[in-house]
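Everything below concerns the one structure shown next.
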Amino acid sequence: MTEESDTAPRGANILLVEDEVNIALALKFLMERMGHVVTHIDDGAAALAQVEALAPDLVLLDVTLPGASGYEICQYIRGCRALDRARVLVLTARGADIERRKALALGADGFMSKPFEMAELQARVAELLASPREV
Amino acid sequence: MLAHWNLRLRVFLFFALLGLASLVLIGGGLWLGWSRAVPRPDPGAFVLGGAAGGFAVLGLITWIWRLFDENLARPMQALAAQLRVLAHAEDAKPLDANQAQYLGDLAPAAHAIAERLSATRDDLALAVERETTRLAEEKERLETLLADVNAGILLCSGDHKVVFYNSVARNLLQDSNAPRLNQPVTGCLREGPVLHAYERLTQEGAAHSETQFLCSTPDGTAMFTATMRLVPQGNARGGGYALTLRDVTADIGLHAARETLLADMIEDMRRKAANLDTLSRLRAAGDDPIEQALVQETRALAQAVDCFGARYNETADVWWPRAEIAARDLMDSLRARLRSEGVTFSASHQPLSVVCDGFMVVSLLAQVALRLRDGGEIALAIGPGETAEEALVTLDWTGAPVAMAELERWLAEPLDLGQADLTGRFVLARHGTDIWPEALPDGRARLCLPLPRVEETGDHDLRGAVYDFSLFEKSRVAPLADMALDDLSYVVFDTETTGLLPSQGDEIVQIAALRVVGGKLLLAERLDMLVDPGRNIPEASTKVHGVTQAMVQGAPRIDQAGRDLHDFARGAVLVAHNAPFDMAFFHKHADEIGREFDNPVLDTVLLSAVLFGITEDHTLDALCTRLGVVIPEADRHTAMGDTLATGTVFVKMIEMLKGQGYATFGAVHDEMKKQMRLYKR
Chain A
1 MTEESDTAPR GANILLVEDE VNIALALKFL MERMGHVVTH IDDGAAALAQ
51 VEALAPDLVL LDVTLPGASG YEICQYIRGC RALDRARVLV LTARGADIER
101 RKALALGADG FMSKPFEMAE LQARVAELLA SPREV
Chain B
1001 MLAHWNLRLR VFLFFALLGL ASLVLIGGGL WLGWSRAVPR PDPGAFVLGG
1051 AAGGFAVLGL ITWIWRLFDE NLARPMQALA AQLRVLAHAE DAKPLDANQA
1101 QYLGDLAPAA HAIAERLSAT RDDLALAVER ETTRLAEEKE RLETLLADVN
1151 AGILLCSGDH KVVFYNSVAR NLLQDSNAPR LNQPVTGCLR EGPVLHAYER
1201 LTQEGAAHSE TQFLCSTPDG TAMFTATMRL VPQGNARGGG YALTLRDVTA
1251 DIGLHAARET LLADMIEDMR RKAANLDTLS RLRAAGDDPI EQALVQETRA
1301 LAQAVDCFGA RYNETADVWW PRAEIAARDL MDSLRARLRS EGVTFSASHQ
1351 PLSVVCDGFM VVSLLAQVAL RLRDGGEIAL AIGPGETAEE ALVTLDWTGA
1401 PVAMAELERW LAEPLDLGQA DLTGRFVLAR HGTDIWPEAL PDGRARLCLP
1451 LPRVEETGDH DLRGAVYDFS LFEKSRVAPL ADMALDDLSY VVFDTETTGL
1501 LPSQGDEIVQ IAALRVVGGK LLLAERLDML VDPGRNIPEA STKVHGVTQA
1551 MVQGAPRIDQ AGRDLHDFAR GAVLVAHNAP FDMAFFHKHA DEIGREFDNP
1601 VLDTVLLSAV LFGITEDHTL DALCTRLGVV IPEADRHTAM GDTLATGTVF
1651 VKMIEMLKGQ GYATFGAVHD EMKKQMRLYK R
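Here the protein sequences come in this chain order: A and B. For the first sequence, the residue numbers in our numbering are 1 to 135. For the second sequence, the residue numbers in our numbering are 1001 to 1681.
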């Protein structure tokens, strides 16, 4: 298990939208270990319905989801004024360049393809949380 | 006016005038004599004398006129009439030389012309008959070939009427889809893809004369990959075309199901493997060797699945027909599609081509554009994408970006291609791409669609069929020396080298070769390769032929290059300009090449001496000038450029050798050997 930096932001409100149970378990564990509060939703439609109310600081978003795709959720978040400051980090298994471009075009702040090193994920999360999003 | 009068009339008038003048002169003379006589005599005697003289002169003139008319004027008129008849009638009687016996050489000359005209007519008739027979035989052979081609072939006129179809086409298009002569081809194939392809090929400035696309029967029961090729009509476009059809109905069903299964399986396995790998990285393996092994195997599994997925992506749908389509053509096709729906758009494009199924992509863009029409005018642009291999199609409009859910609904609807499962999402998957919305400043929005981009390919002319049906009649069993020059195959070749001394280490750096069959230089059958000489290339030689050290990195060495040339030249006479020089390099490396270059050889330097005399200039440049062969300066001193020059010159030389009586290889070779002293000078 890697050691987190003491200067990394802590206590952020993270929404994890991931339908793979084991991955969700691991990511939730990791984020909570970093000192953040994690809400896990495993369905895209449910995430669309709840994201505004949850007002997360960061959304860890899988692309392939039941109910609504990660792209749809990302576009919704970017179109919702109340969520202007929420960062979106898209996580996907495939990593094809076209998926990266599509995610970034829809307003994602970052894109990572699995498998990724936990240290890399932690660093990206810390980086996104540390820099306020320009609205 | 006089020139238009009948010849005999003019002659008669001439003699009549002569007679009248004679009478006047005689009368005048007698009157003068009488008027001067002193004393004045009785005029009666003068009148009597005058009358007698006058009648005598008239009689003489009349007689001469009769002779002239009988033996000159009338025969000349008759000869002229006969010549006119010979000029315009095919089986006129021959000239009667006897009736013009007093016309000197005129009659024999006219007779010679008439005979020559008759002979020319006979030759022409024979030539026409020969060519007609040859064309009929070629037509029969082509029909035999077409009957055996394992693809449906339709030939259509410029107004899309069927003018030919083979038996395979008849079997592919059955019942209500059956092709019928002089009926629209759109009766057997859905008109959209066919008309779209034809429109693209016949647009002014279209770069290609061939395209591939997917089409179906009007009732959607059969699906084909089609190749449309324009049938040339001189320099004009807009003529007929040939359609080659391959039935992919079963393939599409089979492939679609299999592709979907494979894609789903790979996607699922990739996700699971990625998750497994991600989890394995969650914790360090520590010192436990079992745990370390587990982590290692997990990562190896994930990598293997990822590689498998990448290989699948590379090879998926390679059989799906795609063509290079100019951006302008795509724009024009879309404009034509949307015009009927009342949708207009502003267009801009860069001069580039994309690789896609044009009809499918246009159908997809049309479907999307129709749904955007409420957003005001659409601006469509095709330009370079993020990389050199990508073009980006964008549709801009005023309004909010399309919601992803709605876009996916659009993409799930069938396109008008006659099959329910051919949706926009299917088209995107087949092209390995995606479409997504973006927000633009000033309340505008955009849809982006990347497509593969390609550089224009050249050498389209080399795709034509190559044939010489006279090869059916060629004799192949005679000894080489007795073979007619036209019955032999030749390989004209040239090499570029590091220097002029093969015996002192110089080597070949480039080889080019072309075949000559039936007196024709076959540009489609060529060998053109760089050769790694295995040594440095002096700058001085690079200045001549342009081949640098960098260019030959990775090129075949002389052993492989020599084998390639040997295979290319199998059964042919080798032809080169200064052949001993080029052949020396191959003989030097005979052991490495492992093949013996025992082909007969003709040398165009020596042939030039045979034709033009030993004292003339026999350089390739001089020969080209002498025979009117023009090769662009940029191509000179490249192996292919010099091969082209030598080949063109050689084809002309064959005709000249035949004209000088050297009709067989043996005769040419013997005469060529006599000029060998040229190399000793």
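The C-beta atom is built at its ideal place from N, Cα and C for all residues, glycine as well.
Could you confirm whether any beta carbon from chain A is found closer than 8 Å to the beta carbon of Trp1397(B)? no
List the residues of chain A that Glu1438(B) touches, going by C-beta distances under 7 Å, in chain order. Ala105
Would Ile77(A) pass as an interface residue toward chain B - the criterion being a Cβ-Cβ separation below 8 Å? no
Pick helix, strand or coil for Gln1510(B), following the three-state DSSP scheme. strand
Quick check: is any heavy atom of the ligand NAD less than 7 Å from the C-beta of Leu1072(B)? Looking for the ligand NAD in the displayed structure turns up nothing, as the structure carries no ligands at all.
In the segment 1069-1140 of chain B, which residue ranges form an unbroken alpha helix (DSSP H) of at least 4 residues, counting only runs that do not cross its ends? 1074-1088
Would you mind sorting Ala1366(B) into buried or exposed? The rule is 16 or more other CB atoms within 10 Å of its CB. buried
DSSP puts Phe1224(B) in a beta bridge; with which residues? Cys1215(B) and Asp1247(B)
Could you confirm whether any beta carbon from chain B is found closer than 8 Å to the beta carbon of Phe116(A)? yes
Quick check: the Cα distance between Leu1079(B) and Ala1056(B), rounded to an integer number of angstroms? 33 Å
Is it a yes or a no for the segment 41-50 of chain A touching the segment 5-24 of chain A, going by three-plus beta-carbon pairs under 8 Å? yes
In three-state DSSP terms, what is Lys1588(B)? helix
Can you give the Cα-Cα distance for Asp1494(B) and Ala1512(B), rounded to whole angstroms? 6 Å
Is Asp62(A) closer than 8 Å to Thr39(A) when the C-beta atoms are compared? no
Could you tell me the alpha carbon to alpha carbon distance between Lys1673(B) and Leu1606(B), rounded to whole angstroms? 8 Å
By the 10 Å Cβ neighbour count, where 16 or more other Cβ atoms means buried, how is Gln75(A) classified, buried or exposed? buried
Spell out the partners DSSP gives Ala1045(B) in its beta bridges. According to DSSP, Ala1045(B) bridges with nothing at all.
Beta-carbon spacing of Val1362(B), Pro1452(B) below 8 Å: no
Given a cut-off of 8 Å, decide if Val59(A) and Ala86(A) are closer than it, judged by their beta-carbon atoms. yes
Using beta-carbon positions only, say whether Met1223(B) and Tyr1198(B) come within less than 8 Å of one another. no
For Val996(B), the residue or residues it bridges with in DSSP: A query on residue 996(B) cannot be resolved here, the shown segment of chain B reaching from 1001 to 1681 and no further.
Any idea what DSSP makes of His1196(B), helix, strand or coil? helix
Only counting the same chain, and skipping five residues up and downstream in sequence, which positions put a Cβ closer than 7 Å to that of Ala1169(B)? Gly1152, Ile1153, Leu1154, Pro1179 and Leu1245
Verify the CB distance criterion: does Val125(A) have a CB-CB separation below 8 Å to chain B? no
Going by beta-carbon coordinates alone, are Leu1678(B) and Val1649(B) separated by less than 8 Å? no
Would you kindly check if the distance between the Cβ of Ala1327(B) and the Cβ of Ala1412(B) is under 8 Å? no
I need the straight-line Cα distance from Leu1395(B) to Asn1171(B), nearest angstrom please. 43 Å
Contact check, Val1343(B) vs Trp1410(B), beta carbons under 8 Å: no
Let me see if you follow: with CB-CB separation under 8 Å, is Glu72(A) close to chain B or not? yes
From Val1601(B), Gly1443(B) and Ala1400(B), residue whose alpha carbon lies closest to that of Ala1481(B): Val1601(B)
Three-state secondary structure (DSSP) at Met34(A)? coil
Any chain A beta carbon closer than 8 Å to Met1551(B): no
Of the listed residues Arg1200(B), Glu1143(B), Gly1220(B) and Asn1313(B), nearest to Gln999(B) (C-alpha basis): Residue 999(B) lies beyond the stretch modelled for chain B, which goes from 1001 to 1681, so this question has no answer here.
Cβ contact check for the segment 1272-1282 of chain B and the segment 1184-1196 of chain B: 3 or more pairs under 8 Å: no
CB-CB under 6 Å to Ser1157(B), same chain, minus the five flanking residues each way: which ones, in chain order? Val1163 and Gly1240
Which whole-angstrom value is the C-beta distance of Thr1664(B) and Leu1485(B), which I expect to be below 8 Å? 7 Å
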